[in-house]
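Numbering (full-length UniProt numbering), first residue to last: 1 to 749.
What follows is a single structure, written as structure tokens, with notes after it.
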């Protein structure tokens with residue numbers, strides 16, 4: 001037997017196929033695990049991407065309408081032009097606050113910190129001149145107007161005002177302004193569920209605070225911090241509602257202003273287990289006639305700001321108009337008002353997801369409006385865990401899809417899944433008012449699809465190279481290309497299939513080759529086998545192997561071949577026609593001609609890769625293979641070129657000259673087989689005479705049969721005719737036993 005084809009086992013089925021799918025699945029599992037780790041650790045770049053997705057979702061939805069309960073009093077360019085540059089004397093601030101109270105506002109939150117004494121106060125000017133040795137007196141000026149800070153303090157004590165301050169978290173920031181800070185009472189109680197830890201889960205670690213003057217703080221009695229903590233991309237998405245400092249919990253400016261607007265009811269910061277080992281935090285406010293509010297916060301005490309639109313969503317009233325009494329009263333009456341600035345140069349501009357240039361005071365106004373409307377955009381812990389589940393489902397789901405289906409279908413499913421994730425996130429934000437980030441599931445989906453598609457491409461390229469290397473030597477290039485393009489049609493691991501088999505062998509080749517040198521033997525085989533192989537592959541046949549000068553081939557595997565018995569017969573006849581042409585050259589070069597015999601059989605066999613892991617043949621096994629080999633061996637006995645089984649004869653159809661050669665029982669087989677020889681053309685009358693002679697022979701009329709065989713000439717193979725003449729003579733002299741069925745039994749291979 002010849003050597004098998006070296007190579008890896010099939011990439012389609014069997015153990016090798018299982019290893020392939022396992023490699024793809026493990027790759028998808030690794031990507032899913034990596035995205036899970038990223039989701040858990042939230043590196044800066046991932047958080048940045050998440051911010052941008054949040055911004056897009058927020059900008060694409062229909063924002064809530066702002067209520068009519070909030071307004072902004074703006075220290076704008078107009079105000080600075082009319083009242084002078086900032087900072088204003090405190091009596092002007094007192095005038096502004098007094099006017100606001102006259103307009104009937106509910107409360108005023110100051111997005112300003114008065115941390116230093118008023119340098120324009122007459123009292124302050126007199127003290128500075130006295131230090132220079134000058135004694136100056138402001139005759140006619142009432143004592144109440146000589147101290148601007150005192151004037152403002154008295155005004156603060158008479159209305160619903162909330163001062164602003166801010167915490168300092170880095171020593172280099174405002175170190176010269178911190179000084180001694182005396183804040184009003186915190187007015188936020190901390191309530192913990194049983195079993196909760198002692199450490200407050202809020203923003204903490206402040207080094208100090210820049211606070212209002214003690215005189216102002218003591219008179220006002222209310223204060224709120226206006227710290228802003230932008231995300232890493234400098235966009236304000238969250239607003240801190242409470243900060244822990246020196247054992248106290250302080251409210252934000254918006255929270256404190258709401259508390260002041262609806263009476264001195266204070267607030268409660270409630271902490272409860274969130275079910276995931278963390279804390280669920282809510283700021284409880286009592287808004288009097290509007291009812292109670294439970295403001296949902298994250299674990300840092302922050303509220304996700306639900307912006308109502310771009311800058312200036314709320315009514316902006318110029319401070320100069322308020323001071324002059326020309327403001328629209330409807331824009332102020334019964335509202336919670338925040339005083340801030342939009343003037344250039346005062347550096348109170350914030351970037352939001354909806355606008356890159358929003359006055360900082362509007363962030364406080366938006367937060368207050370959210371609480372008043374009891375409408376919040378939330379980012380609960382459950383959403384984070386749901387994203388974790390989704391990334392696992394989508395990552396492993398697309399992995400399984402890619403393992404078991406074509407990349408095209410997996411790609412379409414990925415697009416549909418990605419669109420579904422995005423649509424689901426939009427729906428959650430618009431309908432449930434929950435931010436459910438699609439980022440991690442999309443990363444798992446996209447990462448698994450990209451990596452596995454690339455790996456499948458590499459495997460398919462390897463598969464194509466494997467197919468070409470495994471089949472190009474014994475299939476036509478056209479068939480190989482079809483297998484490469486449609487590998488699912490190929491089964492290498494063994495399947496039962498009907499095929500037509502061809503065995504050919506050069507008669508007496510060993511004796512002839514002894515007359516030649518080894519080089520000449522190789523040249524002769526090459527000259528003979530090359531055209532024979534081409535005939536087989538050109539007729540869609542598969543070359544199985546060379547066994548010295550013998551050829552084994554078959555049709556209808558690995559790909560289905562229509563009319564494969566007919567194609568095999570055509571190829572066998574063409575091989576003899578080609579040999580006749582070759583023999584002209586062989587006779588001239590080597591001094592002899594080649595003669596061969598061909599056996600043809602059709603039937604079920606087992607076809608696939610057989611052998612060891614590293615050395616195997618894509619070949620056939622089964623009784624029908626052995627029968628075909630026996631038929632090829634019998635061509636020499638019957639003195640014919642081709643012997644085909646009845647199965648081939650029946651399936652190949654007409655268009656050939658079929659001659660029944662015998663009914664035989666080959667060695668190792670119990671059932672007899674009718675065999676035929678075939679030619680392209682023969683005299684129909686002569687064929688009829690042949691079959692009449694054969695019928696007489698099988699009927700036991702041996703004298704009649706002998707006479708009929710002797711009368712045959714023309715296209716009748718002489719050797720086959722003489723064989724039957726000898727049989728008739730022998731059986732006439734030694735009659736067969738009673739019940740003879742005319743089957744000739746061959747006892748040798």
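Note that the Cβ used here is the ideal one computed from N, Cα and C, for glycine as well.
Would residue 769 pass as a contact of residue 602 if the rule is Cβ separation under 8 Å?
This structure leaves residue 769 out entirely; the chain is present only between 1 and 749.
Residues bridged to residue 656 [DSSP beta-bridge criterion]
Counting from 1 along the chain shown, the entry for residue 656 is found at position 656. Answer by DSSP bridge pairing: none, since residue 656 is not bridged.
Measure the C-alpha to C-alpha separation of residue 540 and residue 457 and round it to an integer number of angstroms.
Indexing the chain shown from 1 puts residue 540 at position 540. Indexing the chain shown from 1 puts residue 457 at position 457. Answer to the nearest angstrom: the Cα atoms are 28 Å apart.
Checking the sheet assignment: what are the DSSP bridge partners for residue 500?
Counted from its first residue, the chain shown places residue 500 at position 500. Bridge partners of residue 500: 555 and 602.
Could you have a look at residue 51 and say whether DSSP puts it in helix, strand or coil?
Here the question's residue 51 lines up with position 51 in the chain shown. Three-state DSSP puts residue 51 in a helix.
What are the boundary residues of the beta strand (DSSP E) that residue 166 is part of?
Indexing the chain shown from 1 puts residue 166 at position 166. Residues 161 to 168.
Restricting to Cα atoms, I'd like to know which of 344, 604 and 575 is closest to residue 595.
For the purposes of this step, residue 595 is taken as residue 595 along the chain shown, with counting starting at 1. Among 344, 604 and 575, the Cα nearest to that of residue 595 belongs to 575.
Could you check the C-alpha separation between residue 308 and residue 257 for me, to the nearest Å?
For the purposes of this step, residue 308 is taken as residue 308 along the chain shown, with counting starting at 1. For the purposes of this step, residue 257 is taken as residue 257 along the chain shown, with counting starting at 1. C-alpha separation (whole angstroms): 20 Å.
Give every residue of the same chain whose Cβ lies closer than 7 Å to the Cβ of residue 692, excluding the five residues on either side of it in the sequence, and list them in chain order.
Your numbering for residue 692 matches position 692 in the chain shown. Excluding sequence neighbours, residue 692 sits near 708.
Endpoints, alpha helix (DSSP H) assigned at residue 314
If you number the chain shown from 1, residue 314 lands on position 314. It is not in any alpha helix (DSSP H) - residue 314 carries neither H nor E in the DSSP assignment.
Comparing C-alpha positions only, which one of 674, 689 and 645 sits nearest to residue 742?
In the chain shown, counting from the first residue as 1, residue 742 sits at position 742. Among 674, 689 and 645, the Cα nearest to that of residue 742 is on 674.
If you follow the alpha helix (DSSP H) that residue 427 is part of, which residue opens it and which one closes it?
As a working note, residue 427 is residue 427 in the chain shown. First-last of the alpha helix (DSSP H) with residue 427: 407 to 427.
Assuming residue 525 contacts residue 549 under a Cβ cut-off of 8 Å, what Cβ separation, rounded to an integer in Å, is found between them?
On the chain shown, position 525 is the one that residue 525 refers to. On the chain shown, position 549 is the one that residue 549 refers to. Going by Cβ atoms, the distance from residue 525 to residue 549 rounds to 6 Å, so yes, they are a contact pair.
If I follow the unbroken alpha helix (DSSP H) through residue 81, where does it start and stop?
Translated into the one-based positions of the chain shown, residue 81 becomes position 81. Element bounds for residue 81: 77 to 83.
Quick check on the DSSP output: what are the complete beta strand (DSSP E) runs of length 3 or more inside the region 200 to 252, in order along the chain?
208 to 210, 223 to 225, 238 to 240, 242 to 245 and 248 to 251
State the beta-bridge partners of residue 645 as determined by DSSP.
Within the chain shown, the letter at position 645 stands for residue 645. Answer is 675, bridged to residue 645.
Can you tell me whether residue 733 is buried or exposed? The criterion is at least 16 other CB atoms within 10 Å of its CB, across all chains shown.
Locating residue 733 in the chain shown gives position 733, where the first residue counts as 1. By the neighbour-count rule (16 or more Cβ atoms within 10 Å), residue 733 is not buried but exposed.
Within 10 angstroms of its Cβ, does residue 330 collect 16 or more other Cβ (buried), or is it exposed?
Position 330 of the chain shown holds residue 330. It counts as exposed.
Give the single residue among 407, 323 and 587 whose Cα lies nearest to the Cα of residue 99.
Locating residue 99 in the chain shown gives position 99, counting from the first residue. Comparing Cα positions, the closest option is 323.
Kindly indicate which three-state DSSP category residue 112 falls into: helix, strand or coil?
As a working mapping, residue 112 is identified with position 112 in the chain shown. Of the three classes helix, strand and coil, the one that applies to residue 112 here is coil, per DSSP.
Cα separation between residue 516 and residue 726?
One-based indexing of the chain shown puts residue 516 at position 516. One-based indexing of the chain shown puts residue 726 at position 726. Going from the Cα of residue 516 to the Cα of residue 726 covers about 37 Å.
Closest to residue 739 by CA distance: which of 698, 504 and 532 is it?
As a working mapping, residue 739 is identified with position 739 in the chain shown. It is 698.
Which residue from 632, 394 and 581 puts its Cα closest to that of residue 507?
The residue labelled residue 507 in the question sits at position 507 within the chain shown. For residue 507, the nearest C-alpha among the options comes from 632.
Buried or exposed for residue 375, going by 16 or more other Cβ atoms inside 10 Å?
Counting from one through the chain shown, the residue named residue 375 turns up at place 375. By the 10 Å Cβ count, residue 375 comes out exposed.
To the nearest angstrom, how far is it from the Cα of residue 266 to the Cα of residue 441?
Counting from 1 along the chain shown, the entry for residue 266 is found at position 266. Counting from 1 along the chain shown, the entry for residue 441 is found at position 441. Rounded to whole angstroms, residue 266 to residue 441 spans 42 Å at the Cα level.
Would you report the Cα separation of residue 238 and residue 303, rounded to the nearest angstrom?
Residue 238 sits at position 238 when you count from the first residue of the chain shown. Residue 303 sits at position 303 when you count from the first residue of the chain shown. Distance between the alpha carbons of residue 238 and residue 303: 5 Å.
Using the beta-carbon count (16 or more within 10 Å), is residue 11 buried or exposed?
As a first step, residue 11 is located in the chain shown; it is residue number 11 there, counting from the start. With a pLDDT of 42 at residue 11, under the threshold of 50, the predicted position of this residue should be treated as unreliable, and no value is reported.
Is residue 211 near residue 187, with beta carbons less than 8 Å apart?
Locating residue 211 in the chain shown gives position 211, counting from the first residue. Locating residue 187 in the chain shown gives position 187, counting from the first residue. No, these two residues do not count as a Cβ contact at 8 Å.
Simplified DSSP assignment, three categories, for residue 637
Here residue 637 refers to the residue found at position 637 of the chain shown. Looking at residue 637 - three-state DSSP - the assignment turns out to be helix.
First and last residue of the beta strand (DSSP E) that includes residue 273?
Here the question's residue 273 lines up with position 273 in the chain shown. Run containing residue 273: 267 to 273, per the beta strand (DSSP E) assignment.
Is the CB of residue 250 under 8 Å away from at least one CB in chain B?
The structure shown contains no chain B; it holds only a single protein chain.
Cα-Cα, which of 744, 34, 218 and 454 is closest to residue 395?
The count along the chain shown starts at 1 and reaches residue 395 at position 395. Looking at the Cα atoms, 34 is the closest of the given residues.
Using CA coordinates, which residue listed in 93, 190 and 109 is at the minimum distance from residue 148?
Position 148 of the chain shown holds residue 148. For the residues 93, 190 and 109, the minimum Cα distance to residue 148 belongs to 93.
Give me whichever residues DSSP pairs with residue 542 in a beta bridge.
Translated into positions along the chain shown, residue 542 becomes position 542. DSSP lists 554 as partners of residue 542.
Since residue 666 is in the beta strand (DSSP E), which residue starts that stretch and which ends it?
Stepping through the chain shown from its first residue, residue 666 is reached at position 666. Residue 666 -> no beta strand (DSSP E), and no H or E assigned at all.
Helix, strand or coil for residue 187 per DSSP?
Counted from its first residue, the chain shown places residue 187 at position 187. Coil.
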